[in-house]
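Beneath this line is the structure, given in structure tokens, with notes to follow.
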Amino acid sequence: MPQPTSTDVHIDGPLTTLSVAYLQDPGHFVADQVFPRVTVQHKSDKFSVYNIGDFYRDNMSERDDATESAGASYKITTQDYSTKLYALHKDVPQRVVANADPQINPIQDAVRFLTQQERIKRDAEFSASFMTSGVWGTDLTGGTNFTPIDDASSDPIGLIADQQLTVLGNTGFEPRDLVVTAKGFKELKNHPDIIGRMSGGATGANPAMATREAIAMLLDVDRIHVISSVVNSGQEGAADSIGFINATDALLVYVDPNPGLMSPTAGVTFVWNGDLGQEGRTISTLDMPAIKSTRVEIEAEWDMNVVASSLGVYMAGFVS
1 MPQPTSTDVH IDGPLTTLSV AYLQDPGHFV ADQVFPRVTV QHKSDKFSVY NIGDFYRDNM
61 SERDDATESA GASYKITTQD YSTKLYALHK DVPQRVVANA DPQINPIQDA VRFLTQQERI
121 KRDAEFSASF MTSGVWGTDL TGGTNFTPID DASSDPIGLI ADQQLTVLGN TGFEPRDLVV
181 TAKGFKELKN HPDIIGRMSG GATGANPAMA TREAIAMLLD VDRIHVISSV VNSGQEGAAD
241 SIGFINATDA LLVYVDPNPG LMSPTAGVTF VWNGDLGQEG RTISTLDMPA IKSTRVEIEA
301 EWDMNVVASS LGVYMAGFVS
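Next comes the structure, spelled out in structure tokens:
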């Protein structure tokens, strides 16, 4: 055998150009995409809600000469918000930092780890707060109120149009933001009604391009948000149980991206700017001499709040 061998001239070591870490695409998270963030100065307060019925009543009447005009009034109630503080830290021992190979940056890795943790928490909270029954003016269930769209006989275009008409008729505002799951979007892209309306249902050399924007146009909505984030529900030390945060449901809502005074919007995320800055979130590093570590800590404070339930339609089992 020729000497030296290939193993004699190279000692295996860690690559400096490649490592594997499961950091989800930020675009898979929808908590910051759908509803506007409203920065508030106090952790809890009230906001005013004008009675919709009073504003939509036909009150004007004919007036005779030298008589008073008809009078009308409206009621104002209040609704509460209350932000909650969420936090998580990762301790990085000083000896780990000192002994790390060049391609490993323990502090930077901790920042990325905690950033993803906060995104997962926010999407889980979004799904629990908004994509659930009992909070919106209209609750629908697949198989009972409509045919799930993974059934070829379903009518997703008609379903969305009907619900837009329902909300418009009840509130005067047409919902134009649709939240679907990854599976829901897949079924929309491949639904025969969708494909059939794109490029005349072209296939083969000129397939119909079922992009998110094209499907939004067909459904007559402004935006389609796809919640594709995943979470591990298995506890540390147990077997992993990784799956979508939400796999089957959909939400159709009217959103004012810049809500203000006398401005309706289905939901908002209240963010207390307190000590966390304008974004209501911060990542900091703390020296922990007692344990000879650097603590990397993320904090965020929010309240995901349904502020106008009549402007939303929840569709459980959008896909089966």
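Residue numbers for the sequence shown follow our numbering, so the first one is 1 and each next one is one higher.
Virtual Cβ for every residue (Gly too), placed ideally from N, Cα, C.
Just so it is clear, the structure is predicted and the values come from calculations on it, not from any experiment.
8 Å contact criterion, which residue i and residue j should meet: CB distance rounded
| i | j | result |
| --- | --- | --- |
| Val179 | Leu251 | 4 Å |
| Val307 | Phe130 | About 11 Å separates the two Cβ atoms, so there is no contact after all. |
| Thr78 | Phe47 | 7 Å |
| Glu174 | Ala300 | Actually they are not in contact, since the Cβ atoms of Glu174 and Ala300 sit about 32 Å apart, beyond 8 Å. |
| Gln24 | Val230 | 7 Å |
| Ala161 | Val226 | Wrong, their Cβ atoms sit about 20 Å apart, outside the cutoff. |
CB contact flag (residue i, residue j, <9 Å)
| i | j | result |
| --- | --- | --- |
| Thr294 | Asp303 | no |
| Glu187 | Asp155 | no |
| Asp123 | Val268 | no |
| Thr138 | Gly184 | no |
| Gln164 | Arg176 | yes |
| Lys121 | Tyr86 | yes |
| Asn51 | Ala72 | no |
| Ile157 | Ile104 | no |
| Asn246 | Val40 | no |
Neighbour-count burial assignment, residue i, 16 or more Cβ in a 10 Å radius
| i | result |
| --- | --- |
| Val271 | buried |
| Ser19 | exposed |
| Thr144 | exposed |
| Asn65 | Before going further, note that residue 65 is Asp rather than Asn in the sequence given. The residue in question, Asp65, is exposed, as its Cβ has fewer than 16 Cβ neighbours within 10 Å. |
| Met262 | exposed |
| Thr211 | exposed |
| Thr83 | buried |
| Ser127 | buried |
| Met217 | exposed |
| Gly142 | buried |
| Asn206 | At Asn206 the pLDDT is 49, less than 50, meaning the model places this residue with poor confidence and gives no usable figure here. |
| Tyr74 | exposed |
| Pro148 | buried |
| Ile76 | exposed |
| Tyr22 | exposed |
| Leu168 | exposed |
| Leu311 | buried |
| Ser133 | exposed |
Minimum C-alpha distance to residue i - residue among the options
| i | options | result |
| --- | --- | --- |
| Ser309 | His42, Thr265, Ala98, Ser61 | Thr265 |
| Asn258 | Pro36, Ala21, Tyr22 | Pro36 |
| Val135 | Phe318, Asn232, Val313 | Val313 |
| Gly260 | Val38, Lys292, Ala161 | Val38 |
| Gly196 | Tyr81, Ala152, Gly172 | Ala152 |
| Val97 | His89, Ile107, Lys90 | Ile107 |
| Ser320 | Gly234, Arg57, Glu236, Phe146 | Phe146 |
| Val92 | Leu114, Leu140, Asp80 | Leu114 |
| Leu88 | Phe318, Lys292, Ile283, Pro289 | Ile283 |
Check: residue i C-beta below 8 Å from any heavy atom of the ligand FMN
| i | result |
| --- | --- |
| Ile76 | What this structure holds is no ligand at all, so the ligand FMN is not there to describe. |
Segments of 3+ residues assigned as beta strand (DSSP E) that fall wholly inside the region 84-136: 84-93
Continuous beta strand (DSSP E) assignments of at least 3 residues falling wholly in the region 132-161: For secondary structure counted as the beta strand (DSSP E) over 3 or more consecutive residues, the region 132-161 holds these complete runs in sequence order: 138-141.
Length-filtered (4 minimum) alpha helix (DSSP H) runs lying within the region 182-261: As far as the region 182-261 is concerned, its whole alpha helix (DSSP H) runs of at least 4 residues are 182-190, 192-197, 212-219.
Start-end ranges of the beta strand (DSSP E) lying completely within the region 43-78, minimum 3 residues: 44-50
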